[in-house]
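The next block holds one structure in the form of structure tokens; read it before the comments.
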Amino acid sequence: MKKTWPLLAAAILYAGLLSACGAASDSNQASGSEKKEIKIGATAGPYSDQVEWGIKPILEQKGYKVSIIEFNDYIQPNLALADGSLDANVFQHIIYLQSFAEDRKLDLIDLIKVPTAPIGIYSKKHQSLDEVEEGSKVALPNDPTNQARALVMMQQFGWLKLKDDIDPIQVSEKDVAENIKNIELLPIEAAQLPRSLEDADYSFINGNFALASGLKLTEALALEETPDQYMNLVAVKTADKDKQFVKDLVEAYQSEEFKKVTETRFEGFVKPDYQK
2 MKKTWPLLAA AILYAGLLSA CGAASDSNQA SGSEKKEIKI GATAGPYSDQ
52 VEWGIKPILE QKGYKVSIIE FNDYIQPNLA LADGSLDANV FQHIIYLQSF
102 AEDRKLDLID LIKVPTAPIG IYSKKHQSLD EVEEGSKVAL PNDPTNQARA
152 LVMMQQFGWL KLKDDIDPIQ VSEKDVAENI KNIELLPIEA AQLPRSLEDA
202 DYSFINGNFA LASGLKLTEA LALEETPDQY MNLVAVKTAD KDKQFVKDLV
252 EAYQSEEFKK VTETRFEGFV KPDYQK
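Every position in the sequence shown, counted from 1, becomes a number in the working numbering once 1 is added.
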């Protein structure tokens, strides 16, 4: 079963999903059996598809009933996981997870990294990065961690210079020491960045949202050399980390079957160590 949660509808569906999950949980506890129904949240696009094509079939062979809940934002998946509406989610990297969990006081942990689509810079108006001009409009994510990635890449392009001794993971617009090309920065919610291609000269788009919008990784003018801390991951509640369904979820991701799915359906993704 695969559902989609548009951003504006998430709050409406949220209460019903929580109630259903709570009932299932009570049933499992009453019977004393291991959990056999798993709800996995993922952003629409490749991470949802990875679960659908590679993980769900393996878990179903083990006797699980797997539901995939799709999200179009970076907020609701962790809230839903924390309150038990989800059993796991996959959409974020460790920096975002730790920051979000700390800010919201949520007891969540990372479980295993997954094949990750790198953030890239795209354009419908220019054929190369060399065509950047004075005052070019550049759209980039408005969330702190992904915005930092875009700013670091722009420094690598020679478009701007960041302050010395700045932590590249935490850099923000205020850390721009010199805007060499007089770039007009346009911070936008990550899911909306593909739409910005109509107006901006260049747009930094997270790989999952690029693919979900019909873009190809090969169409990017440049792709980030994704460091380990930006690899996306599966997250679960800390209280669930030793449960059998969590162990089976890890085993599914580490399987040869999933590796084959990655190689055939997710070409260009950065692979986690267990698939190298």
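Every residue, glycine too, gets a C-beta built ideally from N, C-alpha and C.
Looking at C-alpha atoms only, which residue of P228, P58, W160 and P195 is the closest neighbour of I184?
W160
Taking I113 as the reference, give the member of K106, N73 and Y254 with the closest Cα.
Y254
Report the CB separation of Q93 from A236 in whole angstroms; it is logged as a contact under 8 Å.
Yes, Q93 and A236 are in contact; Cβ-Cβ is about 7 Å, under 8 Å.
Which of helix, strand or coil does DSSP assign to L163?
Three-state result, L163: strand.
Any idea if Q62 is buried or exposed, counting beta-carbon neighbours within 10 angstroms, 16 or more meaning buried?
exposed
Report the residue ranges of all alpha helix (DSSP H) runs contained in full by the stretch 23–103; include only those spanning at least 4 residues, in chain order.
47–51, 57–62 and 77–83
Per DSSP, what kind of secondary structure is K260 in: helix, strand or coil?
helix
Relative to the alpha-carbon of K182, which residue among D84, E103 and D131 has its alpha-carbon at the smallest distance?
For K182, the nearest C-alpha among the options comes from D131.
Give me the residue from F270, I39, Y48 and E225 with the minimum Cα distance to F158.
E225
What's the C-alpha gap between A24 and G136?
Any answer about A24 is weak, because its pLDDT of 44 lies below 50 and its placement is not dependable; what the coordinates show is given next. The C-alpha of G136 is placed about 56 Å away from the C-alpha of A24.
In angstroms with no decimal places, state the Cα-to-Cα distance between G269 and T44.
19 Å
Using the Cα positions of V271 and G55, report the straight-line distance between them to the nearest angstrom.
16 Å
In angstroms with no decimal places, state the Cα-to-Cα distance between K238 and S86.
11 Å
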